[in-house]
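Structure first, then comments.
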Amino acid sequence: MHNPRMQSTVVTMSDMDRRTSHEAQDTEASTPLNPVPDGVTLGTNLPCWYYFTRPILAILIGGVLFGLGTALSLLYFTQVGNVPYLLGPVFLSVGLMFLVTGLVWVPVVKQRLDYKALTKVNDKALQVHEQH
């Protein structure tokens, strides 16, 4: 017997794609904030390093600024050079901010890539299941 409380709520992606593509043509807000580079189309498999370039760049910039701030602070406190008082701590704090942001960004990108791979597998399994 069919229980009315246990109804299936399966939404096909093709219905959603048709609605969103029609709605996207009507608004200007559908343009992406980060344009896709030339030669790369959406939905293709991009190399893994492509997703990690910005976090690694943030880590590198943070490391350089943090090291520069450390060196300037040491120069000020040892009074070897004529270094302004706030220059070292400013570089230290900005460098630490970039470094921590980059270090947190890497697992976020990794989790996003894992989620995309998981949803692709689930979508394929859902399509196979719907065909049978």
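Under full-length UniProt numbering, the first residue of the sequence shown is numbered 1, with each subsequent residue one higher. For glycine and all other residues, C-beta sits at the position ideal for the given N, C-alpha and C.
Return the Cβ separation of residue i and residue j in integer angstroms, given the expectation that the two are a contact with Cβ distance under 8 Å.
| i | j | result |
| --- | --- | --- |
| Leu72 | Val83 | 5 Å |
| Pro89 | Gly69 | 7 Å |
| Tyr51 | Val109 | 5 Å |
| Thr101 | Ala58 | 5 Å |
Which one of the options has the shortest CA to CA distance from residue i?
| i | options | result |
| --- | --- | --- |
| Pro107 | Ser93, Gly67, Ile56 and Lys120 | Ile56 |
| Gly67 | Thr53, Asp114 and Leu87 | Leu87 |
| Leu92 | Thr53, Lys116 and Leu74 | Leu74 |
| Trp105 | Arg54, Val80 and Lys116 | Arg54 |
Taking three-plus beta-carbon pairs below 8 Å as touching, is the segment 54 to 63 in contact with the segment 94 to 104?
Segments in contact, yes.
Scan the segment 58 to 110 and note each continuous beta strand (DSSP E) run of 3 residues or more that stays entirely inside, going in chain order.
If we require 3 residues or more, the segment 58 to 110 turns out to have no beta strand (DSSP E) run fully inside it.
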